[in-house]
Amino acid sequence: MLANRSPVFSAMFQIAMKEKRGNIVEIEDLSAVAVEGMLSFIYTNKVLIDIDTVADLLKASDKYEIIDLKNFCGQFLAGALDIQNCVRIISNAELFNKQELKVSAINFIVSKNEEIYQMEDTHESAESQTDLYMGITKSCFKFLHMMRDYSGLGLVNSK
1 MLANRSPVFS AMFQIAMKEK RGNIVEIEDL SAVAVEGMLS FIYTNKVLID
51 IDTVADLLKA SDKYEIIDLK NFCGQFLAGA LDIQNCVRII SNAELFNKQE
101 LKVSAINFIV SKNEEIYQME DTHESAESQT DLYMGITKSC FKFLHMMRDY
151 SGLGLVNSK
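According to full-length UniProt numbering, the stretch in the sequence shown is residues 1 to 159, in order.
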């Protein structure tokens, strides 16, 4: 079953790797929760997921190339997007190459920019994730430029 759902596991069992010889796969770089979730998904197509475990599941899905699990995690994150976790979601989207999710989260931040700016931990995060915040800032400028253009066309009320 592992080999059917993951090209990485498939390769492990097809070539003369230690996993094939011993029928044991050692996974040392993932949390027990992530491995359990990944195995649950492989065998049942279901997994218990929350905002605190999703990054580990994304790491597992990425490492073992389990596309369905990666997509499932992306859908979960899109549905969980709020002002408390939007920066963390963008960070995960960037880390695991989920561009559509990243765009959705950036658009969310642009639309909720005042609320997010008021949050104290936003400023601390900005210092540790400069590149991410530069991308968000560029998106904000694009949004404001677009709004100015719409305003000039009479599509948006200007004050």
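Heads up, the beta-carbon is just placed ideally off N, CA and C, and yes, glycines get one too.
The alpha carbon of Phe96 has as its nearest neighbour, out of Ala80, Gln75, Ala55, the alpha carbon of Ala55. Annotation: Glu36 to Asn113 spans about 37 Å, alpha carbon to alpha carbon.
Around Arg5, the same chain offers Ile42, Ile66 as residues with beta carbons nearer than 7 Å, after the five sequence neighbours per side are excluded. In the same chain as Leu81, and ignoring 5 residues on each side of it, the C-beta atoms closer than 8 Å to its own belong to Ile89, Ser104, Ala105, Phe108, in chain order.
Taking 8 Å as the cut-off, the beta carbon of Asn92 is found closer than this to the beta carbon of Leu77. For the pair Lys102 and Met38, the Cα-to-Cα distance works out to about 23 Å. If you look at Leu77, you'll find it in the alpha helix (DSSP H) that goes 67 to 80.
In the structure shown, Leu58 adopts helical secondary structure according to DSSP, grouped into three states. Gly74 is the residue among Cys86, Ser111, Gly74 whose C-alpha sits nearest the C-alpha of Lys98.
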